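Protein sequence lines correspond, in order, to chains S and H. Heads up, the first sequence is in this note's numbering, so the first residue is 299 and it goes up one at a time. Heads up, the second sequence is in this note's numbering, so the first residue is 299 and it goes up one at a time. To keep things clear, I will list the structure first and then write my remarks on it.
There are 2 protein chains.
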Amino acid sequence: MTHLLPLADDPAPERADAARNREAILAAALELVRTRGVDCVTMDTVATEAGVGKGTLFRRFESREGLMAAVLNESEAGWQAQVISGPPPLGPGAPPMDRLLAFGHSRMRTNVTHGALIKAATGESSARSRAAASFAVMHVRHLLNELGVTGDLVLLSIAIMAPLDIMVIEQQQRDNISLERIEAGWDDLVRRVVGA
Amino acid sequence: MTHLLPLADDPAPERADAARNREAILAAALELVRTRGVDCVTMDTVATEAGVGKGTLFRRFESREGLMAAVLNESEAGWQAQVISGPPPLGPGAPPMDRLLAFGHSRMRTNVTHGALIKAATGESSARSRAAASFAVMHVRHLLNELGVTGDLVLLSIAIMAPLDIMVIEQQQRDNISLERIEAGWDDLVRRVVGA
DNA sequence: GGTCGAAACGGACCGCGGTCCGCTTCTATT
DNA sequence: AATAGAAGCGGACCGCGGTCCGTTTCGACC
């Protein structure tokens, strides 16, 4: 006899064809983004290329943003792994301050590299609570805590991360400010906030 | 004889009908935003209501964002006037630190009040170099300078302003954090950055 | 007042993101 | 194997932002 109340099994085990489609869509999207560039990838194209109907795209990924976020995760996951369990100073093992600085520099470079995709995945925003940004804020909060900083750590983390935002960086670059100079300014900001 | 090289007259004095239309569009947009709420105002509606063609809207305001920014300016201008020449502590006359704190609090409340419109005018982003945000950054930079802060003042200003962003605030409110608590956290951030 | 080039106009048109709903496919159950 | 109904599917359809281009209006100069 199976139990009559589902209790806490997975609420929805995902049907086989659904899984197949999800994979096909993601693969098609990844390929299209790589070959044509994010801005030229439409939902219709992805659907056609994946061999599914457009409705299926939206069923599984909610919106274009959602799909792009999923694509972005593909690469972002690797970076997050580096942060969580990679070699120091980015990964664990180094003193918190070193990690924090390394984290910011790494995040900045990553933002510059994946700018277009990140924008597509966050709706041009950024200081938003999307998965990626959220991970960064959580990590910074964690490091601030290790550094003995007290106060509203989330708010402080948001402030710290703001200058690394792609839109901000791109604006600075338009003003002919080098990444190195931004990095230096950011380091200064971090030291002020940490109080070291 | 008129000069053959236009030198530096106004490059384009704006034709009479154009001015009339601009005004009609802005008035219609303002009215529609007030009555229906930003999200329900389409470009077609504004065009119809203003009695002009859709093309004219885009000619004068570039995009929906541009039009909304123009509408927003209507109210934002008043606030900016308060900051530039209103009574202290928001306006000039008070010590820089008082002004800075007052500025942040005022900005935060304004963001909360005009949230929807601001989002419409900045394309859901915010840490962007739109006119409004830019004014804020410039002002903060100015106050930081008066406070004797040295370093990359623009970058520090961006960091300071980040937690006041509408998207961020709305997220915090979703997490049941009160505006007062945000204010307190923000004051702390400012003191850290200023080094007081 | 007439003429002429430039500037502005307007609305048909396009592409894209997103929804809707009748049809198909899967899987649990007997 | 048959069945039933839930989950998934797909593509016609919609609304909106944005563009394009033939037509109209303006105003500077004669």
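Don't be surprised by glycine CBs; every beta carbon is placed ideally from N, CA and C. Bear in mind that the values here come from a model prediction, so they are computed numbers and not experimental data.
Taking the C-beta atoms as reference points, E481(H) is found nearer than 9 Å to M406(H). Along the length of the segment 390 to 458 of chain S, whole beta strand (DSSP E) runs at least 3 residues long do not occur. Less than 9 Å divides the Cβ of G402(S) from the Cβ of L462(S). For E481(S), the enclosing alpha helix (DSSP H) stretches over residues 477 to 492. The beta-carbon of R490(S) is placed less than 9 Å from the nearest beta-carbon of chain H. Contact between V336(H) and A414(H) is confirmed by a C-beta separation of about 5 Å, below the 8 Å threshold. Cβ-Cβ distances below 7 Å link L451(H) to R439, L442, N443 in the same chain, with the five nearest sequence neighbours on each side left out; the list follows chain order. Here L370(S) has L415, A419 as same chain residues with Cβ atoms under 6 Å from its own Cβ, once five neighbours each way along the sequence are excluded.
Residues of the same chain with a CB within less than 7 Å of the CB of M341(S), apart from the 5 flanking positions on each side, are K352, L355, R362 in chain order.
With respect to the 9 Å criterion, M459(S) and A460(H) are classified as neighbours on the basis of their beta carbons. Collapsing the DSSP output to three states places V350(S) in coil. Contact annotation for V410(H) against chain S: no contact, minimum CB-CB distance about 16 Å [criterion: below 7 Å]. Ranking R318(H), V488(H), A317(H) by CA distance to the CA of L398(H) puts V488(H) first. Annotation: S383(H) to G389(H) spans about 5 Å, alpha carbon to alpha carbon.
Neighbours of I416(H) in chain S, taken as residues whose beta carbon is under 8 Å from its own, are absent, since the nearest beta carbon is some 12 Å off.
Residues of chain H whose Cβ lies closer than 7 Å to the Cβ of I456(S) are, in chain order, A460, P461, V466.
Within 10 angstroms of the beta-carbon of A494(S) lie fewer than 16 other beta-carbons, which makes it exposed. For W484(H), the chain S residues whose Cβ falls inside 9 Å of its Cβ are D450, L453, A457, in order along the chain. V369(S): member of the alpha helix (DSSP H) spanning 362 to 383, first to last residue. One alpha carbon belongs to Q380(H), the other to S373(H), and they sit about 11 Å apart. Counted as a single uninterrupted DSSP element, the alpha helix (DSSP H) harbouring A314(S) occupies residues 314 to 334. Per DSSP, the unbroken alpha helix (DSSP H) holding V466(S) starts and ends at 464 to 472. Close partners of I382(H) in chain S (Cβ separation under 7 Å) are lacking, with about 23 Å as the shortest Cβ gap.
In the structure shown, T343(S) adopts helical secondary structure according to DSSP, grouped into three states. Taking 9 Å as the CB threshold, L441(H) stays off the interface with chain S. Taking all protein chains in view, the Cβ of A326(S) is crowded by 16 or more other Cβ atoms within 10 Å, so the residue is classified as buried. Counting only residues of its own chain and dropping the five nearest sequence neighbours on each side, N409(H) has a CB closer than 8 Å to the CB of I416, L462, D463, I464, I467.
When DSSP states are grouped into helix, strand and coil, L388(S) belongs to the coil group.
In this structure, DSSP gives P311(S) a state outside helix and strand, which the three-state scheme calls coil.
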